[in-house]
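**Q** Here you go, one structure.
In our numbering, the protein residues as written are 981 to 1564.
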């Protein structure tokens, strides 16, 4: 059985097989240069390793990347090719001064590549969106053109035995251009280093001048920006300065282009010490990341956990929540969830603030049974890191979507962003999108899937585009309650009654039982959900229990009022907001 392709790629990369192959080909061509300098196939032999290099770096050569491109790659092979090429050119009677100058320029450009790549990699990001300060840490132009010019120069050098003196002059011209471009790169690198050094040196004063009332602290897997961006519009509405602190380059890149607030990268504990300024009253958190403990040690701050969704998942009752001063929860259900799982929590730390993100979720347009061709949102969750968090039904998603299509439903398909990280779930996503595309071509139904549903629309836009939803154990279920529309949940590991005991949200939903073999009772559940909808009144009660007893027309104001109180911001709201208990 052949080795899996990813494993083969890792072995090839580890052993540097391509680089070794290029070096061997060049050394072989060197013998031909010495033995048969006048043969036409000697030029071809020299061209082969160069073509291999070009093929291996073709993406960097064809894209105008604002980065280093392929600079520094196959450096040894290109040095060898330069030496062998110069020997070959010298044997063809090209003036000595000409091939010495051309070789010197290309060698200088190659050495500049090596030096500049090393310097570029040392210029790591540090901050963005600081008022009145240039924090651009990326190259201001594509450094990779140095590599492209060197490749062009080597190509001309290889064929110079055919072109003669004119070819040698062309190599000189390209080599000179490569050196000049490398000089421009060096200037830009020096400027970037200077800006970075200055900003890091002055960072404590910069942050103090910002006078942030609070920080938003974030550490997460790359690609998780949604955890924090869902909260930023409401934190901005507090109307006071704040800054976002991240701990690694990946998180910085995730946020740099999607936020406008000051963004500061702090890698070490000492780095954090430098930005904790007297004006800051609190720090907000949106997950239970291990590195949260680095920030929570600052006892002068109030530490407020927001999380990034309201659900019955195990992560919502993590005992580590005890280390925060406040836990902002959507409704009483989040408080009771801890007790139900035997986790003792001081009730004084909880504040019921609703889920401000659902303020734009529209109510149902009418009883589902009166809608002739309902639109159903299928929003499965991802696989999860651990066994107790593997709730995804996506492997059976194609079967579910096919049943919806057979009923004449329009489908909105929005999988969790992490679904594409595992091969089985990624394959299921591809199948579902192909099914929807084919059905749209045959019937004209305007299904929503792919980029429109996953990138251009928010999850709440998808809520508003639907008349009903099918999901797994996920925060979207709690949020969907605000719409009062019918919904179903899929239980992948338990019978219906056990599932409802373990995940109380399911008591407001129709439940489809799943197994490794497939989904059970799908048709019966769809019959009930899409026509009589007997759970309509039950959902309304659960909406209050999960999302707070908060007026719909001013729903987000509850969060703002509670946050202002904890931050000491003057507000016209009563000072006892967020403490009521909702019985269910």
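We treat Cβ as the ideally placed atom computed from N, Cα and C, and that holds for glycine.
Report yes if the C-beta distance between residue 1357 and residue 1392 is below 8 Å; otherwise report no.
**A** As a working note, residue 1357 is residue 377 in the chain shown. As a working note, residue 1392 is residue 412 in the chain shown. Closer than 8 Å, so yes.
**Q** Which runs of the beta strand (DSSP E) fall wholly inside the region 1442-1497 and span at least 3 residues, in chain order?
**A** 1448-1451, 1467-1471 and 1490-1494
**Q** Provide the residue span of the beta strand (DSSP E) that contains residue 1306, from first to last.
**A** Position 326 of the chain shown holds residue 1306. Its beta strand (DSSP E) spans residues 1306-1309.
**Q** Give the C-beta separation of residue 1208 and residue 1235 to the nearest angstrom, bearing in mind that I take them to be a contact with Cβ-Cβ under 8 Å.
**A** Position 228 of the chain shown, counted from the first residue, corresponds to residue 1208. Position 255 of the chain shown, counted from the first residue, corresponds to residue 1235. The Cβ separation is near 7 Å, so the contact holds.
**Q** Less than 7 Å between C-beta atoms, sequence neighbours within five positions excluded: which residues of the same chain meet that for residue 1117?
**A** For the purposes of this step, residue 1117 is identified with residue 137 of the chain shown, where counting begins at 1. These residues qualify, in order along the chain: 1103, 1105, 1106, 1172 and 1176.
**Q** Alpha carbon to alpha carbon, how far is residue 1063 from residue 1086?
**A** For the purposes of this step, residue 1063 is identified with residue 83 of the chain shown, where counting begins at 1. For the purposes of this step, residue 1086 is identified with residue 106 of the chain shown, where counting begins at 1. Looking at the two C-alpha atoms, the distance is approximately 10 Å.
**Q** Suppose the cutoff is 7 Å on Cβ atoms and the five residues either side in sequence are ignored; what does the same chain contact list for residue 1099 look like?
**A** Taking the first residue of the chain shown as 1, we reach residue 1099 at position 119. 1169.
**Q** So which of 1268, 1474 and 1433 has the shortest CA-CA distance to residue 1581?
**A** No answer is possible for residue 1581: the residues shown for the chain start at 981 and end at 1564.
**Q** CA-CA distance, residue 1528 and residue 1297?
**A** Looking up residue 1528 in the chain shown gives position 548. Looking up residue 1297 in the chain shown gives position 317. Approximately 18 Å between the Cα atoms of the pair.
**Q** If I follow the unbroken alpha helix (DSSP H) through residue 1171, where does it start and stop?
**A** The residue labelled residue 1171 in the question sits at position 191 within the chain shown. Run containing residue 1171: 1145-1190, per the alpha helix (DSSP H) assignment.
**Q** Which of helix, strand or coil does DSSP assign to residue 1331?
**A** One-based indexing of the chain shown puts residue 1331 at position 351. Note: residue 1331 maps to strand in three-state DSSP.
**Q** On the three-state DSSP scale, how would you describe residue 1263?
**A** Working through the chain shown from its first residue, we reach residue 1263 at position 283. The three-state secondary structure of residue 1263, taken from DSSP, is strand.
**Q** Provide the residue(s) that pair with residue 1518 in DSSP beta bridges, ordered along the chain.
**A** Residue 1518 sits at position 538 when you count from the first residue of the chain shown. Looking at the DSSP assignment, residue 1518 forms no beta bridge with any residue, so it has no partner.
**Q** Name the residue from 1215, 1128, 1219 and 1228 whose alpha carbon lies nearest to the alpha carbon of residue 1204.
**A** The residue labelled residue 1204 in the question sits at position 224 within the chain shown. When each option's Cα is compared against that of residue 1204, the closest is 1228.
**Q** So the candidates are 1224, 1511, 1193 and 1351; which of them puts its Cα closest to the Cα of residue 1280?
**A** Here residue 1280 refers to the residue found at position 300 of the chain shown. Considering only alpha carbons, the answer is 1193.
**Q** How is residue 1197 classed by DSSP in three states: helix, strand or coil?
**A** In the chain shown, the residue the question calls residue 1197 occupies position 217. Strand at residue 1197.
**Q** Please report the distance separating the alpha-carbon of residue 1198 from that of residue 1325.
**A** Numbered from its first residue, the chain shown carries residue 1198 at position 218. Numbered from its first residue, the chain shown carries residue 1325 at position 345. Cα-Cα distance, rounded: 24 Å.
**Q** Per DSSP, which one or two residues make a beta bridge with residue 1283?
**A** Indexing the chain shown from 1 puts residue 1283 at position 303. For residue 1283, which the question treats as bridged, DSSP gives the partners 1263.
**Q** Please go through the same chain and pick out, in chain order, the residues whose beta-carbon is closer than 8 Å to the beta-carbon of residue 1367, but skip the five residues on each side of it.
**A** Reading the chain shown from its first residue, position 387 is the one you call residue 1367. Here the model assigns residue 1367 a pLDDT of 46, short of 50, so the residue's position is not dependable and the matter cannot be decided.
**Q** In whole angstroms, what separates the C-alpha of residue 997 from that of residue 1004?
**A** Along the chain shown, read from residue 1 onward, the residue named residue 997 stands at position 17. Along the chain shown, read from residue 1 onward, the residue named residue 1004 stands at position 24. Each residue's alpha carbon lies about 10 Å from the other.
**Q** Compute the minimum distance between the beta carbon of residue 1242 and the heavy atoms of the ligand FMN, and state whether it is under 7 Å.
**A** Absence of the ligand FMN is noted for the structure shown, with no ligands found whatsoever.
**Q** Within its chain, find whatever has a CB closer than 7 Å to the CB of residue 1398; leave out the 5 residues flanking it on each side and keep chain order.
**A** Position 418 of the chain shown, counted from the start, is the residue given in the question as residue 1398. Excluding residues within five positions, the ones whose Cβ falls inside 7 Å are 1362.
**Q** If you draw a straight line from the C-alpha of residue 1420 to the C-alpha of residue 1414, how long is it?
**A** Sequence index remark: in the chain shown, residue 1420 carries index 440 (1-based). Sequence index remark: in the chain shown, residue 1414 carries index 434 (1-based). Between residue 1420 and residue 1414, the C-alpha separation is close to 10 Å.
**Q** Taking the straight line between their C-alpha atoms, what separation do you get for residue 1027 and residue 1092?
**A** To locate residue 1027, count along the chain shown from 1; it is residue 47. To locate residue 1092, count along the chain shown from 1; it is residue 112. The straight-line gap from Cα to Cα measures roughly 24 Å.
**Q** Identify, in the order they occur along the chain, each residue of the same chain with its Cβ nearer than 6 Å to the Cβ of residue 1365, setting aside the five sequence neighbours on each side.
**A** For this step, residue 1365 is matched to residue 385 along the chain shown. Only weak support is given to the placement of residue 1365: the predicted model assigns it a pLDDT of 48, under 50, and the value that follows is read from those uncertain coordinates. Apart from sequence neighbours up to five positions away, no residue of its chain approaches residue 1365 with a beta-carbon distance below 6 Å.
**Q** Over what stretch of residues does the alpha helix (DSSP H) that includes residue 1034 continue unbroken?
**A** Translated into the one-based positions of the chain shown, residue 1034 becomes position 54. For residue 1034, the uninterrupted alpha helix (DSSP H) run begins and ends at 1020-1036, by DSSP.
**Q** Going by DSSP, name the residue or residues bridged to residue 1440.
**A** Looking up residue 1440 in the chain shown gives position 460. DSSP lists no partner for residue 1440.
**Q** Between the region 1208-1218 and the region 1253-1269, do at least 3 Cβ pairs fall closer than 8 Å?
**A** yes
**Q** Enumerate in chain order the residues of its own chain whose CB-to-CB distance from residue 1569 is below 8 Å, with the five nearest sequence positions on each side excluded.
**A** In this structure the chain extends from 981 to 1564, so residue 1569 is not present and cannot be described.
**Q** With 16 as the cutoff for other CB atoms within 10 Å, does residue 1222 come out buried or exposed?
**A** Locating residue 1222 in the chain shown gives position 242, where the first residue counts as 1. Its Cβ being crowded by 16 or more others within 10 Å, residue 1222 is buried.
**Q** Tell me, to the nearest whole angstrom, how far the beta carbon of residue 1465 is from that of residue 1449; I am working on the premise that it is less than 8 Å.
**A** Sequence index remark: in the chain shown, residue 1465 carries index 485 (1-based). Sequence index remark: in the chain shown, residue 1449 carries index 469 (1-based). Indeed they touch by this definition, with Cβ atoms about 7 Å apart.
**Q** Helix, strand or coil for residue 1525? Go by DSSP, reduced to three states.
**A** Working through the chain shown from its first residue, we reach residue 1525 at position 545. Helix.
**Q** Quick check on the DSSP output: the beta strand (DSSP E) that includes residue 1244 runs from which residue to which?
**A** In the chain shown, counting from the first residue as 1, residue 1244 sits at position 264. If you look at residue 1244, you'll find it in the beta strand (DSSP E) that goes 1243-1245.
**Q** Per DSSP, what kind of secondary structure is residue 978 in: helix, strand or coil?
**A** This structure cannot speak to residue 978, because the chain is shown only from 981 to 1564.
**Q** Would residue 1166 and residue 1053 be called neighbours here (beta carbons separated by less than 8 Å)?
**A** Taking the chain shown and counting its residues from 1, one reaches residue 1166 at position 186. Taking the chain shown and counting its residues from 1, one reaches residue 1053 at position 73. Their beta carbons are not under 8 Å apart, which means residue 1166 does not touch residue 1053 by this criterion.
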